[in-house]
């Protein structure tokens, strides 16, 4: 543990696993979170949440209530109560550099600076830089009206992926197979600007890395679970969890190491970062984006590899120290369950595999997250099967609100 770091402030949407990791590493943990789930309350020294879960009352919808400014206000309030030594960023704020600069003024961000967030999240710049360093990515262009979008899609070739310029967890990402699809998707976007990207068929995956000043370590290559109807994820590319690690060939592993080294050194990344990729059946991986902060794989990686990622992240950022090469001793799956309809949150406090535990009898709207399931197994299949069995039991006992 860093000698000068005692009080950590973790900020973002997906903070429970990070909070547990930080507590195990010996830090005082303060969190500015979105949901304020029960297990977060148990582990934190103190926390504040955007959502106030109340029995019999709705927690609302993320798409309607999400406001990056709210996290900043919570962080400021916590910093008035406690002497914060460092800030660690989780998901939800990647595209809000103004918020990140203000968080950095509360206490130094341990990890990438706000300017590095800007560089890797500025899509035209990011893909231009990938071109410069010779990494493969899907043909991508920014458009600001339907006419340009139609021309770009025709040139790239359907199907194309249509993405908002800002967002997280796959929200509002759509697949357009023709001109009619494209027009319908763009008309639903709040902003006139969007990304049009060639759809690459393959396995969605991510590379989890730790970056020091002079070196990079690939911790794990992970399978991403996206848009699963079985857990009622209504977004076609919506995040549903991971299986860690993903078993790949030695050739593919080396290609992922090259990607990690090139991106980390070129963009000057620090600490824990995730690189989203697509693995086609044949050929090299396609780089999709960089998540320059803690990722949703944190809990799985810690269980599969026996590492404390918060401790490793801080060591990499402050001291440039990276762990030795790690070998997994198990496979771990994270499965996020979403509400099939408007429901009362079940009591999940007695199930050890459940994380992100909602307040029992609070109301969860259709399509909103219920909880996460974290399971281990001797194979990828056995780990996800365990999670699916638990999911079926939970879904079978839900009460309509």
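In the numbering used here, the protein residues as written are 3 to 403.
A virtual CB, placed ideally from N, CA and C, is assigned to each residue, including glycine.
Query                                                                                                                                 : Result
Contact set for residue 109: own chain, Cβ-Cβ below 8 Å, skip 5 residues either direction                                             : 11, 81, 86, 87, 88 and 89
For residue 307 and residue 222, believed in contact at Cβ under 8 Å, the rounded distance                                            : 7 Å
Pair within 8 Å by beta-carbon distance, residue 176 and residue 231                                                                  : no
Cβ pair residue 403, residue 365 closer than 8 Å                                                                                      : yes
Segment limits, beta strand (DSSP E) that includes residue 288                                                                        : 288-293
Sequence-distant residues of the same chain with beta carbon closer than 8 Å to residue 3, five excluded per side                     : With a pLDDT of 40 at residue 3, under the threshold of 50, the modelled position of this residue cannot be trusted, and the question is left open.
Contacts around residue 99, its chain only, beta-carbon distance under 7 Å, and the 5 residues preceding and following it disregarded : 116, 119 and 120
contact_flag[the stretch 64-78, the stretch 32-41] where n(CB pairs < 8 Å) is 3 or more                                               : yes
Own chain, CB closer than 8 Å to residue 45, minus 5 neighbours either side, in chain order                                           : 18, 21, 22, 25 and 31
Residue 190, DSSP secondary structure in three states                                                                                 : helix
Span separating the alpha-carbon of residue 154 from that of residue 59                                                               : 46 Å
Residue 319 and residue 273 closer than 8 Å at C-beta                                                                                 : yes
CA nearest to the CA of residue 371, picked from 48, 196 and 241                                                                      : 241
Beta-carbon spacing of residue 258, residue 209 below 8 Å                                                                             : yes
Residues sharing a beta bridge with residue 230, DSSP                                                                                 : According to DSSP, residue 230 bridges with nothing at all.
Distance between residue 158 and residue 50 (C-alpha atoms, nearest Å)                                                                : 45 Å
First through last residue of the alpha helix (DSSP H) which encompasses residue 24                                                   : 18-26
Start and end residues, alpha helix (DSSP H) containing residue 416                                                                   : An answer regarding residue 416 cannot be provided, because it is not within the stretch 3 to 403 covered by the chain.
Beta strand (DSSP E) runs wholly inside the stretch 320-379, at least 3 long, in chain order                                          : 333-340 and 371-379
Alpha-carbon to alpha-carbon, residue 217 and residue 269                                                                             : 13 Å
Residue 13 vs residue 294 beta-carbon contact at 8 Å                                                                                  : no
Boundaries of the alpha helix (DSSP H) in which residue 259 is found, first to last residue                                           : 252-269
Counted within 10 angstroms of its Cβ, other Cβ atoms place residue 225 as buried (16 or more) or exposed                             : buried
Extent of the continuous alpha helix (DSSP H) run through residue 127                                                                 : 125-135
Residues bridged to residue 178 [DSSP beta-bridge criterion]                                                                          : 162
Inter-residue CB distance, residue 309 and residue 328 (contact presumed, cutoff 8 Å)                                                 : 6 Å
Assigned secondary structure, residue 59 (DSSP; H/G/I helix, E/B strand, else coil)                                                   : coil
Beta-carbon proximity check, residue 354 vs residue 245, cutoff 8 Å                                                                   : no
Among 375, 278, 131 and 167, nearest to residue 2 - alpha-carbon criterion                                                            : As displayed, the chain neither begins before 3 nor continues past 403, which places residue 2 out of reach and without an answer.
7 Å Cβ shell around residue 166 - same chain, five flanking residues per side excluded                                                : 174, 191, 193 and 196
Residue interval of the alpha helix (DSSP H) (run including residue 145)                                                              : Here residue 145 belongs to no alpha helix (DSSP H); instead the beta strand (DSSP E) covers 142-145.
Residue range of the unbroken alpha helix (DSSP H) whose run includes residue 382                                                     : 382-398
Per-residue DSSP class, three states only, for residue 41                                                                             : helix
Cβ distance (whole Å) where residue 161 is taken to contact residue 234 below 8 Å                                                     : Contact flag wrong, Cβ pair sits at about 24 Å.
Residues of its chain near residue 387, where Cβ-Cβ distance is below 8 Å and the 5 sequence neighbours each way are ignored          : 379
Proximity winner among 138, 164 and 168, relative to residue 68 (alpha-carbon distances)                                              : 168
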